[in-house]
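J.:
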Amino acid sequence: MVTISPTNEAEIAEAVREAADKGTCFEIVSGRTKREFGRPVSADTILDVSALSGIVKYEPEELVLTARAGTPIAMIESALAEKKQMLGFEPADWGPLFQAGTGRATLGGTVATNACGARRVKAGAVRDHVIGCRFVNGKGEAIKAGGHVIKNVTGFDLSRLMCGAFGTLGVLTEITVRVTPQPERVAAVEIDCGPETGLNLMREAARLPLDASGLSYVLSDNGGTALIRVEGTNAAVAQKLAELQKQFANHETKVQDEGTTQKSFRAVSGASDFLEIATDIWRLCVPPANAYDALTACGIALGKFWYADWAGGLLWLGLPGDEKTAKCLREVTARFGGHATLMRASSQARERLAVFEPETPARAEITRSVKAAFDPKRVLNPARMFKDI
Amino acid sequence: MTTLPPPDPVTLGRRNEIARALRDIVPDGVIGDEATLTAFDCDALTAYRQRPLLCVLPENAEQISTVLAYAHRENVRIVPRGAGTSLSGGALPLADSILLGMSRMSRILELDYENRCAVVQPGVTNASVTRAVQARGFYYAPDPSSQIACTIGGNVAENSGGIHCLKYGLTTQNLMGVELVLMNGERLRLGGKHAGDGGLDLLSVVCGSEGMLGVVTEATLRILPRPPVTRTLLIAFDTVRAAGETVAAIIAAGIIPAALEFMDRRCIEAVEAFCAPHYPVGAEAILIGEIDGMPAEVADDARRITEIASSCGAVSTRDCVDEAERVRVWSGRKAAFGAMGRLEPDMLCMDGTIPRKALPDVLDRISELSEHYGLVCCNVFHAGDGNLHPLIVFDCMKPGALERAEAFGADILKLCVAKGGVLTGEHGVGVEKKALMGEMFSDIDLAQQERLKCAFDGQGLLNPGKVFPTLHACVELGRMHVQGGRLPFANLPRM
Numbered sequence: 000m001v002t003i004s005p006t007n008e009a010e011i012a013e014a015v016r017e018a019a020d021k022g023t024c025f026e027i028v029s030g031r032t033k034r035e036f037g038r039p040v041s042a043d044t045i046l047d048v049s050a051l052s053g054i055v056k057y058e059p060e061e062l063v064l065t066a067r068a069g070t071p072i073a074m075i076e077s078a079l080a081e082k083k084q085m086l087g088f089e090p091a092d093w094g095p096l097f098q099a100g101t102g103r104a105t106l107g108g109t110v111a112t113n114a115c116g117a118r119r120v121k122a123g124a125v126r127d128h129v130i131g132c133r134f135v136n137g138k139g140e141a142i143k144a145g146g147h148v149i150k151n152v153t154g155f156d157l158s159r160l161m162c163g164a165f166g167t168l169g170v171l172t173e174i175t176v177r178v179t180p181q182p183e184r185v186a187a188v189e190i191d192c193g194p195e196t197g198l199n200l201m202r203e204a205a206r207l208p209l210d211a212s213g214l215s216y217v218l219s220d221n222g223g224t225a226l227i228r229v230e231g232t233n234a235a236v237a238q239k240l241a242e243l244q245k246q247f248a249n250h251e252t253k254v255q256d257e258g259t260t261q262k263s264f265r266a267v268s269g270a271s272d273f274l275e276i277a278t279d280i281w282r283l284c285v286p287p288a289n290a291y292d293a294l295t296a297c298g299i300a301l302g303k304f305w306y307a308d309w310a311g312g313l314l315w316l317g318l319p320g321d322e323k324t325a326k327c328l329r330e331v332t333a334r335f336g337g338h339a340t341l342m343r344a345s346s347q348a349r350e351r352l353a354v355f356e357p358e359t360p361a362r363a364e365i366t367r368s369v370k371a372a373f374d375p376k377r378v379l380n381p382a383r384m385f386k387d388i
Numbered sequence: 000m001t002t003l004p005p006p007d008p009v010t011l012g013r014r015n016e017i018a019r020a021l022r023d024i025v026p027d028g029v030i031g032d033e034a035t036l037t038a039f040d041c042d043a044l045t046a047y048r049q050r051p052l053l054c055v056l057p058e059n060a061e062q063i064s065t066v067l068a069y070a071h072r073e074n075v076r077i078v079p080r081g082a083g084t085s086l087s088g089g090a091l092p093l094a095d096s097i098l099l100g101m102s103r104m105s106r107i108l109e110l111d112y113e114n115r116c117a118v119v120q121p122g123v124t125n126a127s128v129t130r131a132v133q134a135r136g137f138y139y140a141p142d143p144s145s146q147i148a149c150t151i152g153g154n155v156a157e158n159s160g161g162i163h164c165l166k167y168g169l170t171t172q173n174l175m176g177v178e179l180v181l182m183n184g185e186r187l188r189l190g191g192k193h194a195g196d197g198g199l200d201l202l203s204v205v206c207g208s209e210g211m212l213g214v215v216t217e218a219t220l221r222i223l224p225r226p227p228v229t230r231t232l233l234i235a236f237d238t239v240r241a242a243g244e245t246v247a248a249i250i251a252a253g254i255i256p257a258a259l260e261f262m263d264r265r266c267i268e269a270v271e272a273f274c275a276p277h278y279p280v281g282a283e284a285i286l287i288g289e290i291d292g293m294p295a296e297v298a299d300d301a302r303r304i305t306e307i308a309s310s311c312g313a314v315s316t317r318d319c320v321d322e323a324e325r326v327r328v329w330s331g332r333k334a335a336f337g338a339m340g341r342l343e344p345d346m347l348c349m350d351g352t353i354p355r356k357a358l359p360d361v362l363d364r365i366s367e368l369s370e371h372y373g374l375v376c377c378n379v380f381h382a383g384d385g386n387l388h389p390l391i392v393f394d395c396m397k398p399g400a401l402e403r404a405e406a407f408g409a410d411i412l413k414l415c416v417a418k419g420g421v422l423t424g425e426h427g428v429g430v431e432k433k434a435l436m437g438e439m440f441s442d443i444d445l446a447q448q449e450r451l452k453c454a455f456d457g458q459g460l461l462n463p464g465k466v467f468p469t470l471h472a473c474v475e476l477g478r479m480h481v482q483g484g485r486l487p488f489a490n491l492p493r494m
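Sequence order for the protein chains is F and Z.
Note that numbering that gives the first Met the number 0 has the first sequence beginning at 0, numbered continuously upward.
Note that numbering that gives the first Met the number 0 has the second sequence beginning at 0, numbered continuously upward.
Written as structure tokens, this is what we have:
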């Protein structure tokens, strides 16, 4: 396949215009860490935007950063760290899951796939941090959306719509995010317990006014462990840890130090427990209170290959990408609400099965209309999310 | 002045027939007499008034769906309305429109503490959500100043903010799901009690779409456990610049206050005369800072903010330890609009957002403009997130005063955009600011937003005449042929 590597937005716009005229299409790539996520795209040409790299503007006292879409997340994080700031959505590095190495993910890909980590439970998803962007739509027009300030309701919020759209609506060229001060200290309480207890514990912790920044349950050799992460000033973290230990006094609690906490949650966000296991992966989002029911409905509560994040709102499942599993998981989402995504599987499976939750007819019609509003000729990542968009 | 799409004479002529059809759908909820309709002729942007053709007050989503499907079939415009507190004319009726009032859909459907959410109908007021959950130690974070009256449906439409946005986000960050009725009557669920959605994040664009994409019939809201401690600091400055520097320094130190409000001297004086919150006499500016969280964290932050303020030149810092004092300090801030309202009969409240660092320059320029236009303007400001609320007072009865006030307001908003900010931080574009959209967006940017509108409402029947400077038919947008980045209609005159 041919690859083109434009170096600026105007070149992208021209390439897209040309493709729209000729009736050809693009697969959009940047860090190439998540090409295997979503339905396979059979495009004529690869549009590589990694040359659009670099931080355009960073104003720490405004809590705002603008960078080109191809800027590596690692580069952004190190610039932020110098000013004791960070990306509040805790970008998830899923590169290793797809044998694409670590530290190569870019801002554009992270935004397009909504790749946020454990901190979502406190701070929201990627879209809650994106305040503006520039993109090229499927007609080859360069569009500005949103702005550079945190509080803005001027016009339709197109920049949030770009988050998690997998490049099907536009080629992101520049993104503005709000950034977050790094907390003085981060620590976690770990409690060894079974799955049902663990899932209950997380929701109980979520109801405490401790503003927990991670609520995960991971399986271990001796059963499972609930991880409750808190952050703040040194004194605040000490108080929060004490409060958790008091609240869960009938369990054995252990405090993880900063280094261990970071390691634990990097593993949770990046799903690194699945690295050693050659298995397909599903991500199941349900109302947290239904997490255990959802697991038992699929007969996996006692199995080995799953863990929970976002207080049980996200279940990572090491289950096969086959019809039987798809059917079971989608019965679960029909029953409890939510959605199941086939995160990792062979391209044949991702072609055959619905990777993203199938939509109701009314919603599918809106999705098609929205696609047509941005990319009427289906030039950009055709069929990446749904067969006909 | 703004203009609205001209009424369709055919629709105007069919008034009785439309009223009958609506009565078939909502037997006891159709208002047709002109006196009562006058009550719906404006929202909180009272400079613009227009009686609707008819008003319908449905009781459930089923009726809303039937009303919209009827209007869609019969090509009649719909204007949704919550409590009518919009400051941008978002609920301003059109002469040929059916006003869809949500006041009867005001039930809280479910409080789900396990999933930390509340499911409510759109006519529920913002404040009543918190009231419903506070006994269990929870609250709903977005708190627009009209929160006693404004409804959740309106909050979703406008992506409403409030004073706690920097730390807790706008409505969009606290909205987990909606049930939506599209203009053709189709019902759709977006999001819910679970995280995110499987496909495109349509919820994120429905929130803040000013009632132009669909009618919200149910909302799932995130509720939060109330922080154990809240503390308020009142800091006085003898220069505006010192106050601005303090704001920047607090943020740069890594502190995210729950609220950080700024008032200038003119505003302080008006408020003091109005309700005597005991603000420091003679101060050029004050900051009201609020911090919440664990006791140790709040104590740390209070100390650090006090130190930062004094190193930036604060004249005094008062730490409101007792609740009564805290309430009094906030009462002044919340009474700012009312206090200004006593100076002159009419008021325009602007709503631009600027990068915080531009604050001193922007305030200097506003006072120059104030002299130029001969109109009093005072400034309250959500300093934490850079959201300005200059209040321009005037007397509508004086010839040319409204025009001058609007020109003054437009100059302020243009200034905000020129300084890297935006036209509106929380009030919405509505009819008030639509003519200024070109300051921020090119015709191509706006056409893309309009095409999104068309994807939801191809006939342009839902709340038309808002947000966009020129009203395009969808078919026209679809056919727009762009050559070298230029639109064929780039030189059309603007309203």
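For glycine and all other residues, C-beta sits at the position ideal for the given N, C-alpha and C.
Using the three-state DSSP reduction, which class does F/L79 fall into: helix, strand or coil?
T.: F/L79: helix per DSSP, three-state reduction.
J.: In terms of residue numbering, what span does the beta strand (DSSP E) encompassing F/Q255 cover?
T.: Per DSSP, F/Q255 belongs to the beta strand (DSSP E) from T252 to Q255.
J.: Flag F/H338 as yes if its beta-carbon sits less than 8 Å from any beta-carbon of chain Z, otherwise no.
T.: Cβ-Cβ to chain Z under 8 Å: yes for F/H338.
J.: Taking F/A91 and F/G30 to be in contact with their CB atoms under 8 Å, please state how far apart those CB atoms are, rounded to whole angstroms.
T.: Contact flag wrong, Cβ pair sits at about 13 Å.
J.: Helix or strand or just coil, what does DSSP make of Z/A258?
T.: Z/A258: strand per DSSP, three-state reduction.
J.: For the putative contact between Z/C311 and Z/T245, defined by C-beta atoms under 8 Å, what is the C-beta separation to the nearest angstrom?
T.: Right, the Cβ-Cβ distance comes to about 4 Å (below 8 Å), so this counts as a contact.
J.: State yes or no: is the beta carbon of Z/P487 nearer than 8 Å to at least one beta carbon in chain F?
T.: Any reading at Z/P487 is ruled out, since the residue's pLDDT is 38, under 50, leaving its predicted position unreliable.
J.: If you measure from the beta carbon of F/S212 to each beta carbon in chain Z, is any gap under 8 Å?
T.: No, its Cβ sits nowhere closer than 8 Å to a Cβ of chain Z.
J.: Restricting to Cα atoms, I'd like to know which of F/E183, F/A225 and F/V178 is closest to F/T196.
T.: The candidate whose alpha carbon is nearest that of F/T196 is F/A225.
J.: Do you know how far the Cα of F/A68 is from the Cα of F/M0?
T.: The straight-line gap from Cα to Cα measures roughly 23 Å.
J.: Scan the stretch 238 to 309 of chain Z and note each continuous alpha helix (DSSP H) run of 4 residues or more that stays entirely inside, going in chain order.
T.: For the stretch 238 to 309 of chain Z, whole alpha helix (DSSP H) runs of length 4 or above, ordered along the chain, are 239 to 251 and 264 to 274.
J.: Would Z/G424 pass as a contact of Z/G351 if the rule is Cβ separation under 8 Å?
T.: Their beta carbons are under 8 Å apart, which means Z/G424 touches Z/G351 by this criterion.
J.: Cα separation between F/V129 and Z/V128?
T.: F/V129 and Z/V128: Cα-Cα distance of roughly 27 Å.
J.: Assuming contact is defined by CB atoms lying nearer than 8 Å, are F/H215 and F/V285 in contact in what I supplied?
T.: Residue identity check: residue 215 of chain F is Ser in the sequence provided, not His. For F/S215 and F/V285, no; Cβs fall outside 8 Å.
J.: Taking F/T179 as the reference, give the member of F/A164, F/A270, F/A235 and F/L79 with the closest Cα.
T.: Of the candidates F/A164, F/A270, F/A235 and F/L79, the one whose C-alpha sits nearest the C-alpha of F/T179 is F/L79.
J.: First and last residue of the alpha helix (DSSP H) that includes Z/M436?
T.: Where Z/M436 is concerned, the enclosing alpha helix (DSSP H) stretches over M436 to M439.
J.: Taking the alpha-carbon positions, what's the Z/A194 to Z/C319 distance?
T.: Taking the straight line joining both Cα atoms gives about 38 Å.
J.: Flag F/D387 as yes if its beta-carbon sits less than 8 Å from any beta-carbon of chain Z, otherwise no.
T.: It does not; no Cβ of chain Z falls within 8 Å.
J.: Roughly how many angstroms separate the alpha carbons of F/R265 and Z/G100, rounded to a whole number?
T.: Between F/R265 and Z/G100, the C-alpha separation is close to 49 Å.
J.: Whose Cβ in chain Z lies nearer than 8 Å to the Cβ of F/N136?
T.: Within 8 Å Cβ-Cβ: Q447.
J.: Helix, strand or coil for F/H147? Go by DSSP, reduced to three states.
T.: Of the three classes helix, strand and coil, the one that applies to F/H147 here is coil, per DSSP.
J.: Compare the beta carbon distance of F/D43 and F/C24 with 8 Å and say whether it is the shorter of the two.
T.: It is a contact, given that the beta carbons lie within the stated cut-off.
J.: CB-CB under 8 Å to Z/A269, same chain, minus the five flanking residues each way: which ones, in chain order?
T.: Cβ neighbours of Z/A269 beyond the five flanking positions: A335, A338, M339, R341, L342 and C377.
J.: Sort Z/D196, Z/V78 and Z/T2 by Cα distance to F/H338 and report the nearest one.
T.: Residue Z/D196 is the option with its Cα nearest to F/H338.
J.: Are the beta-carbon atoms of Z/Q458 and Z/H71 separated by less than 8 Å?
T.: Taking 8 Å as the Cβ cut-off, Z/Q458 and Z/H71 qualify as a contacting pair.
J.: I'd like to know if F/G107 contacts chain Z, where contact means its C-beta is closer than 8 Å to some C-beta of that chain.
T.: Not an interface residue.
J.: Does the Cβ of Z/E157 have 16 or more other Cβ atoms within 10 Å, making it buried, or fewer, making it exposed?
T.: That one is buried.
J.: Specify the secondary structure class of Z/H371 as computed by DSSP and reduced to three states.
T.: Three-state result, Z/H371: helix.
J.: Could you tell me whether any Cβ in chain Z is nearer than 8 Å to the Cβ of F/F88?
T.: Chain Z contact via Cβ: absent.
J.: So, does the CB of F/C162 fall closer than 8 Å to a CB anywhere in chain Z?
T.: Interface residue, yes.
J.: Does DSSP classify Z/I107 as helix, strand or coil?
T.: Here Z/I107 sits in strand by DSSP.
J.: With a threshold of 6 Å on Cβ separation, who are the neighbours of Z/A90 within its own chain once the five nearest residues in sequence on each side are excluded?
T.: The residues are D42, R80 and G83.
J.: For F/F335, which residues in the same chain have their Cβ closer than 8 Å to its Cβ, ignoring the five residues on either side in sequence?
T.: Cβ within range, chain order: V285, P286, N289, D292 and A293.
J.: Starting from the N-terminal side, write out each stretch of the beta strand (DSSP E) that is 3 residues or longer and does not extend beyond the stretch 353 to 412 of chain Z.
T.: Runs of the beta strand (DSSP E) inside the stretch 353 to 412 of chain Z: 375 to 381 and 386 to 393.
J.: List the whole-angstrom C-beta distance separating F/I190 from F/E251, where the pair is believed to meet the contact cut-off of C-beta under 8 Å.
T.: Confirmed, about 7 Å.
J.: By the three-class DSSP mapping on this structure, what secondary structure does F/A186 have?
T.: If DSSP states are grouped into helix, strand and coil, F/A186 belongs with the strands.
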